[in-house]
Structures are given as C-alpha cells and as structure tokens.
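Numbering (UniProt numbering), first residue to last: 1 to 286.
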C-alpha cells in the first residue's frame, strides 16, 4: 500500500492527453503500483466513475481511466464495438509504456476488457469485470426498463437509482444519492456528456449484433486462458442479468463470481470501499 501523503484525489486529479495514431485520448491516473486500466460503461465519460471507488483502488494501484475515441475529451472516430474500445485501451497502454497491467471494465467496458485480454493475454495479469456480460448468446435478456431509462437525453438521480442501484431498498437509494453527490463534486476539467445523437448512432451501428458478439472465440479463449477473472455483480442486475454467468462458474477455469445482495448495475458505486477492497484482495491473492 502506498502511504505517501498526497492531496490529489479522483475529484482533483488533472486530465492528461496521449497522442495516438492521429487521435487524442484523454486519461487520468491516480496512485502508484501495478497499473489498473479501467474501461467505461455505455454513455460513460471520465466523470462517470465514482471518485470514492477510484480513490480506494488508488491506495494500492496506479489507476488509469480514459475517454474512448471520439467521446468525452478524446478525439477520433467513435464506436461502441468491443474491438474498437479494446483497441483504445491497448493503444493507451502502449503510449504509457505499460508492459503488464490489470484490465477492468464496467458494463460495456467489461466487453472491451475481455477483448483486451484475448488480444494481449501475455500483458494482462488479471481481468476485473463489473456489471457486464460474457461473450455470445445469452439465456437472460436485459430488463426493458433499462432501455426506457438509459436512452433518455438526460438522466436524473431517479434514473440513476433505477439504472445502477436497487430502487426497492432504502439503503440502496441513499447510496445512490451519496454517489451522485460524489460524482458531481468535481467542479472543473470535466468531460462533456455524450450527445443523444451520438450514442444512438453508435447503438444503431451494432443493433443487429448480440449484446457481445463472440466474433473471435472469446468465450472459449477466456475459459481456458488461466488468467484470473473476477466478476462482480448485483443480484438485481437489469442490464446484464447475473444468471448469465452461473453456467460459466465451473466451465471457465479461473472465473470467480461475486454477487452482492440488494444491489444493481453499479455495485462499485453503491459500496465503493467494499468493492475496491474485494478487487485489491483478488489481485494480491490470485
């Protein structure tokens, strides 16, 4: 654990830029130690992460977050195809000189993280997946309420509570409000939200696909790769239902599934210290 005193936190850390292949990737990094590269959710930008979660991880790791190409503060051509998002992560790792790193992702970012692992397995020490889905055909589909809320031009606290938390739990609703305030605390140097016409176009570009098309045998590769995989999910996951992982627990050699009760799509925002400590323990002990 890094015990060096510092006033820099996830709320105040400056945005940096890497020039990569004719495009500019906006990123932030916090902490020291083993690099932990985190990939974003649908409609996510740098300021979509809960600072408490990042700060918890930064006590042990060099935590790196970034905006995908063409989104937030990054330039270039935007895409929501997992291979394009994975290429952003790999290119940023190359630009930062990361020979070996932990790759993580939330939701859509979890798909990107799985592709990164399949493309450069020799560089990935651990794969951390939060509120996401395995590749290929799925038995359990998203709850329609996800699309009703997620595609609105603007999401308020009530939308966030439904999308990322467990609205039937008073404790979860309180956690949603607290997380909302932490995310809003950054006053400057914020990444702009993604415009509706942009995210709708990106969704249309992949509308005929499975949620996570297994175009290159990712599912079989991850089952046998031997890279430690941690999946963290809420028991009320409306986007990527947690039961889709159950058949894989015994099939994927290195898969660990941790299900949190009375939580939704954003367990790391509801319980940032708990999830941060779980990730830390997993990386240090697997």
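C-beta: ideal position from N, C-alpha, C; glycine also.
Residues bridged to residue i (per DSSP)
i	result
residue 102	36
residue 234	260
residue 30	63
residue 128	104 and 230
residue 255	229
Residue i versus residue j: straight-line alpha-carbon distance, rounded
i	j	result
residue 55	residue 61	10 Å
residue 275	residue 206	31 Å
residue 96	residue 82	21 Å
residue 149	residue 260	23 Å
residue 234	residue 162	13 Å
residue 128	residue 80	20 Å
residue 1	residue 69	Because the pLDDT of residue 1 is 43, which lies under 50, any placement of that residue in the model is unreliable, and the number read from its coordinates should be weighed accordingly. Whole-angstrom Cα-Cα distance: 32 Å.
residue 223	residue 264	26 Å
Cβ neighbour criterion (16 or more within 10 Å) applied to residue i
i	result
residue 3	For residue 3, the predicted structure reports a pLDDT of 41, less than 50, and the residue's modelled location is therefore unreliable. The matter cannot be settled from this model.
residue 8	exposed
residue 122	exposed
residue 30	buried
residue 266	buried
residue 19	exposed
From the options, residue whose alpha carbon lies closest to that of residue i
i	options	result
residue 25	32, 39 and 207	39
residue 283	249, 102 and 80	102
residue 198	77, 63 and 17	77
residue 252	272, 138 and 219	219
residue 280	21, 16, 18 and 58	58
residue 157	178, 138 and 140	178
residue 63	88, 34, 87 and 236	34
Beta-carbon proximity check, residue i vs residue j, cutoff 7 Å
i	j	result
residue 45	residue 72	yes
residue 169	residue 131	no
residue 232	residue 254	no
residue 134	residue 248	yes
residue 42	residue 272	no
residue 140	residue 243	yes
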